[in-house]
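Just so you know, we're using our numbering here: the sequence shown kicks off at 1 and counts up by one. By construction, the Cβ of each residue, glycine as well, lies at the ideal position given by its N, Cα and C atoms. These numbers come from a predicted model, not from an experiment.
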Amino acid sequence: MVGDVGARAISVRLSGDGARHAWAEAVHHKATEAIWREVGLDPAGDLAYYAGAELSRTVDGDAASWWFGDPGGCCGRSAHAWAHWFEHVLCAGWPLFTHLAGEHGLVLEGSPPAYADLTAGGALVVLRRGLWIAEESGLFGDDAHVPLADLTPGERAAHASARRHCQCTLCVDLPPEVR
């Protein structure tokens with residue numbers, strides 16, 4: 001994962017003389033489809049809007065990258081969530097994406113992200129009927145902040161848990177042995 005002011009990116013390396021752009025497009029389509037299905041996004045919600053407006057991909061030499069922008073600094077939570085979920089899909093779908101690379105005359109280099117790396121250090125939590133980033137000072141959404149002092153005792157416990165291990169839908173559903 002590469003981070004930058006206003007954007008996050010996930011990159012993989014490819015070798016071979018095949019169709020890199022077509023492969024990146026196929027991975028993008030399959031990954032976003034899997035995220036919609038596995039996370040159960042509300043088509044009318046802000047995370048759904050983000051998917052249509054801010055996800056992009058680039059191919060530069062041997063690198064294929066997917067970018068999760070934060071235009072105007074107003075979509076940090078969405079960018080973080082989509083990048084995190086995309087990494088989950090890369091991890092789970094690595095054999096499929098490796099096979100797709102072969103079908104496109106390419107070799108997918110390296111290894112998938114480790115699930116333990118995806119959950120360690122925490123970040124996301126579902127509270128108050130929404131998805132939040134759990135930071136030291138409280139909860140952050142794209143356009144909202146709930147200070148730690150304003151959380152109920154139960155919410156503070158969930159916040160503390162999310163600071164240790166991500167509590168998003170995909171991380172919570174992982175078997176304990178891979179967390």
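Nearest neighbour of residue i, chosen from the options [CA to CA]
| i | options | result |
| --- | --- | --- |
| residue 150 | 159, 143 and 24 | 159 |
| residue 12 | 35, 71, 112 and 26 | 112 |
| residue 38 | 82, 146 and 64 | 82 |
| residue 85 | 123, 145, 140 and 100 | 123 |
| residue 146 | 153, 154 and 137 | 137 |
| residue 14 | 63, 127 and 25 | 63 |
| residue 74 | 102, 115, 47 and 42 | 47 |
| residue 189 | 69, 7 and 173 | Nothing can be reported for residue 189, as the shown portion of the chain is limited to 1 through 179. |
| residue 129 | 10, 117 and 155 | 155 |
| residue 7 | 35, 80 and 27 | 80 |
| residue 18 | 117, 61, 127 and 175 | 61 |
| residue 116 | 87, 55 and 22 | 87 |
Below-7 Å beta-carbon distance, residue i vs any chain B residue
| i | result |
| --- | --- |
| residue 131 | Structure shown: chain B not included; a single protein chain is present. |
Rounded straight-line distance, which links the Cα of residue j to that of residue i
| i | j | result |
| --- | --- | --- |
| residue 78 | residue 142 | 7 Å |
| residue 157 | residue 134 | 11 Å |
| residue 24 | residue 152 | 44 Å |
| residue 168 | residue 67 | 20 Å |
| residue 103 | residue 96 | 11 Å |
| residue 101 | residue 70 | 29 Å |
| residue 98 | residue 40 | 26 Å |
| residue 16 | residue 9 | 23 Å |
| residue 182 | residue 148 | Residue 182 lies beyond the stretch modelled for the chain, which goes from 1 to 179, so this question has no answer here. |
Close-in-space but distant-in-sequence residues of the same chain around residue i (CB under 6 Å, 5 per side omitted)
| i | result |
| --- | --- |
| residue 119 | 165, 166, 171 and 179 |
| residue 139 | 132 and 146 |
Range covered by the beta strand (DSSP E) that runs through residue i
| i | result |
| --- | --- |
| residue 60 | 55–60 |
| residue 132 | 130–135 |
| residue 146 | 145–147 |
Buried or exposed by the 16-neighbour rule on C-beta atoms within 10 Å, applied to residue i
| i | result |
| --- | --- |
| residue 177 | exposed |
| residue 31 | buried |
| residue 114 | exposed |
| residue 144 | exposed |
| residue 72 | exposed |
Residue i, enclosing alpha helix (DSSP H) - first and last residue
| i | result |
| --- | --- |
| residue 103 | 76–103 |
| residue 9 | Taken as a continuous stretch (DSSP letters only), residue 9 belongs to no alpha helix (DSSP H), being part of the beta strand (DSSP E) at 7–15. |
| residue 194 | Because the chain is modelled from 1 through 179, residue 194 falls outside the range shown and cannot be assessed. |
| residue 153 | 153–164 |
Residues near residue i in its chain [Cβ-Cβ closer than 7 Å; skip 5 each side]
| i | result |
| --- | --- |
| residue 20 | 14, 59, 64 and 106 |
Cβ neighbours of residue i in the same chain (closer than 8 Å, five flanking residues each side left out)
| i | result |
| --- | --- |
| residue 34 | 89, 92 and 93 |
| residue 76 | 70, 133, 140 and 142 |
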